[in-house]
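J.: Have a look at this one.
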Amino acid sequence: MFQEEEAYDTAPVAEASIDDLNGESYHSAFERIIRQGSKMFTGAETDAERLHKLRVLTRSGEVTLAGYLTYCNYPQELFPKLEIDVAVYPGTQKSDSSKIRFVDRKVCDGAIPVMVQDAVIKALQNLKTTTLVKGVAAEDVPEIPETVLREAITNAVMHRDYSPARQNEAVNVEIYADRVVVTNPGSLLQNQTVENLTTDAKSVLRNPCRGTRDRESRCPKSRRNTAHRCATSSAQRALRY
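Here's what the structure looks like:
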């Protein structure tokens with residue numbers, strides 16, 4: 001069933017304060033926004049005022065869930081399952097007869113940008129590589145393009161269901177002998193279907209505040225745009241997305 005739901009990523013985190021956030025990380029975001037010529041910080045002089053403009057803080061100064069997950073070094077202290085679980089299986093199914101349950105596994109924690117980077121690295125370590133020859137040069141490339149993995153994992157984190165009932169579930173990256181499966185808690189929104197994600201689906205954000213965070217982190221905002229880019233990149237390598 002399609003979901004029409006409130007944005008839980010803007011909810012305040014009761015046990016968190018601005019002191020829990022990594023100042024170096026959000027100051028880097030400030031500098032990036034200013035360099036881009038954005039008017040976002042017009043009239044905002046203090047860190048707190050700028051963080052409110054970014055919706056990292058509420059108007060009353062409370063840390064939002066999106067801000068906490070993006071800028072806290074270890075948000076799993078309060079939300080232990082908001083992580084990315086990368087598991088590598090020996091065959092093509094979880095239930096394959098092999099006695100080996102996992103070939104490799106890493107539970108990626110930390111702030112969202114760190115988690116995503118760690119998950120991409122672990123996935124790439126467990127993919128085959130092929131050699132592309134360009135003139136006299138040769139380049140080893142993973143069987144699935146890094147851009148596809150990164151955008152799929154980022155998209156899964158950004159568009160997951162952050163409601164309290166689903167906060168005990170992780171984003172999963174499952175690597176099988178013949179495919180990589182990225183899943184997250186939550187269903188598709190409004191008019192979206194699996195079939196039209198890469199074509200004509202209306203771009204919808206489940207978590208608009210996370211969309212702002214990811215824009216400033218130079219991550220993709222739209223589930224549809226990301227799916228389209230991943231499908232295009234995969235098609236160029238004769239892969240199914």
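Sequential numbering from 1 applies to the sequence shown in our numbering. Built from N, CA and C at the ideal position, the CB exists for glycine as well.
#1: Do the CB positions of Asn22 and Cys72 come within less than 8 Å of each other?
#2: So, Asp109 versus Tyr68, is the Cβ gap smaller than 8 Å?
#3: Relative to the alpha-carbon of Asp178, which residue among Gly186, Glu143, Thr131, Thr10 has its alpha-carbon at the smallest distance?
#4: With DSSP run on the structure shown, which of helix, strand or coil describes Asp161?
#5: So for Ala156, helix, strand or coil by DSSP?
#6: Please classify Arg50: does DSSP put it in a helix, a strand, or coil?
#7: For the 8 Å Cβ check, are there 3 or more pairs between the segment 36–44 and the segment 74–94?
#8: As a quick exercise: from Glu15, Pro185, Ile175, Ile153, pick the residue whose alpha carbon is nearest that of Ala165.
#9: Based on the DSSP secondary-structure assignment, which residues constitute the bridge partners of Asn172?
#10: Compare the C-beta of Tyr26 with all C-beta atoms of chain D and state if any pair is closer than 8 Å.
#11: One question on the structure: do Thr64 and Arg50 come within less than 8 Å of each other, judged by their Cβ atoms?
#12: Going by beta-carbon coordinates alone, are Leu78 and Ala7 separated by less than 8 Å?
#13: So is Val180 buried or exposed if we call it buried at 16+ other beta carbons inside 10 Å?
#14: Can you find the residues in the same chain that come closer than 7 Å, C-beta to C-beta, to Glu169, ignoring five residues on each side of it along the sequence?
#15: Within 10 angstroms of its Cβ, does Val136 collect 16 or more other Cβ (buried), or is it exposed?
#16: Report buried or exposed for Val141, applying the criterion of at least 16 other Cβ atoms within 10 angstroms of its Cβ.
#17: Identify which residue in Ala66, Asn172, Ala29 has its Cα closest to the Cα of Thr10.
#18: Between Leu149 and Leu132, is the Cβ-Cβ spacing less than 8 Å?
#19: Whole-angstrom Cβ separation of Gly91 and Tyr176, contact assumed at under 8 Å?
#20: Buried or exposed: where does Arg32 fall if 16 or more other Cβ atoms within 10 Å of its Cβ makes it buried?
#21: Between the C-alpha atoms of Phe102 and Val88, what's the straight-line distance to the nearest angstrom?
T.: According to the structure data:
#1: yes
#2: no
#3: Glu143
#4: Asp161 falls in the coil class under three-state DSSP.
#5: helix
#6: helix
#7: no
#8: Pro185
#9: Asp85, Thr183
#10: Among the protein chains of the structure shown there is no chain D, as only one such chain exists.
#11: Not a contact, by the Cβ cut-off of 8 Å.
#12: In this structure, Leu78 sits away from Ala7, with a CB-CB distance that is not shorter than 8 Å.
#13: By the 10 Å Cβ count, Val180 comes out buried.
#14: Lys81, Pro185
#15: Around the C-beta of Val136, fewer than 16 other C-beta atoms lie within 10 Å, and the residue is accordingly described as exposed.
#16: By the neighbour-count rule (16 or more Cβ atoms within 10 Å), Val141 is not buried but exposed.
#17: Checked all of Ala66, Asn172, Ala29; the closest Cα to Thr10 is Ala66.
#18: no
#19: Cβ-Cβ separation between Gly91 and Tyr176: approximately 7 Å, consistent with a contact (criterion under 8 Å).
#20: exposed
#21: Distance between the alpha carbons of Phe102 and Val88 is about 6 Å.
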